[in-house]
Structures are given as C-alpha cells and as structure tokens.
Amino acid sequence: MNTVVLVEAMAGLRVKVTFADGLSAEIDMRPYLGKGFTAELLAPERFAQVSTEPGGGIAWPNGFDLCPEFLRELAQKKSAA
506 MNTVVLVEAM
516 AGLRVKVTFA
526 DGLSAEIDMR
536 PYLGKGFTAE
546 LLAPERFAQV
556 STEPGGGIAW
566 PNGFDLCPEF
576 LRELAQKKSA
586 A
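Shown next, in the form of structure tokens:
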C-alpha cells in the first residue's frame, strides 16, 4: 500500500517515511528543494514542519507536497541500492 503513515524530518534535508505495509526509507529531499516556493524549506525549522497528508503523501505548510507513489518509487530505489 502506498500510503505514508509516518514521516520524520531528519538532518541533512532528509525525510524518513514509513508506508502502511511497513516499508521504511530515508529520502534525500535536496534535489527537490531550493527553487521558487521550496527555497524556504532549506531552513531547518521550516523543513521540520513536514507531515503526512490525507492523500497518503507528505506535505509542508507552504503547500509543497509529494504524492505517495513518487515517494514509494524513491524508497524502493533506496532499498535496492
């Protein structure tokens, strides 16, 4: 199941996501931050505001979000490496 049930901001602009089926991975968010409205998320206090969202993905209060399917793809690449 692609629903993220837990997300935790980690050092180095990484998030640890846990899916409903138990798959867990740390994902480096640096490639997705720093331009436009995501620039504010480079500040640790802003980045730490990440949370799960009703669609099963993750989101920040500024409106930046990532869908669960994309996060699952990143998590699976990470676990295969």
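For my numbering, add 505 to where a residue sits in the sequence shown, where the first one is 1.
For glycine and all other residues, C-beta sits at the position ideal for the given N, C-alpha and C.
These numbers come from a predicted model, not from an experiment.
Go ahead and pull the three-state DSSP assignment for residue i.
i, result
"residue 571", "strand"
"residue 528", "coil"
"residue 548", "coil"
"residue 538", "coil"
What residue from the options has the CA that sits closest to residue i's CA?
i, options, result
"residue 568", "576, 541 and 519", "541"
"residue 514", "577, 572, 530 and 579", "530"
Which value, in whole angstroms, describes the spacing of the CA atoms of residue i and residue j?
i, j, result
"residue 511", "residue 545", "23 angstroms"
"residue 575", "residue 539", "19 angstroms"
"residue 543", "residue 551", "10 angstroms"
"residue 573", "residue 548", "24 angstroms"
"residue 495", "residue 506", "For residue 495 there is no data in the structure shown, the boundaries of the chain being 506 and 586."
"residue 524", "residue 508", "5 angstroms"
"residue 583", "residue 554", "23 angstroms"
For residue i, count neighbouring C-beta atoms within 10 Å of its own C-beta (all shown protein chains included) and say buried if the count is 16 or more, exposed if not.
i, result
"residue 580", "buried"
"residue 534", "buried"
"residue 562", "buried"
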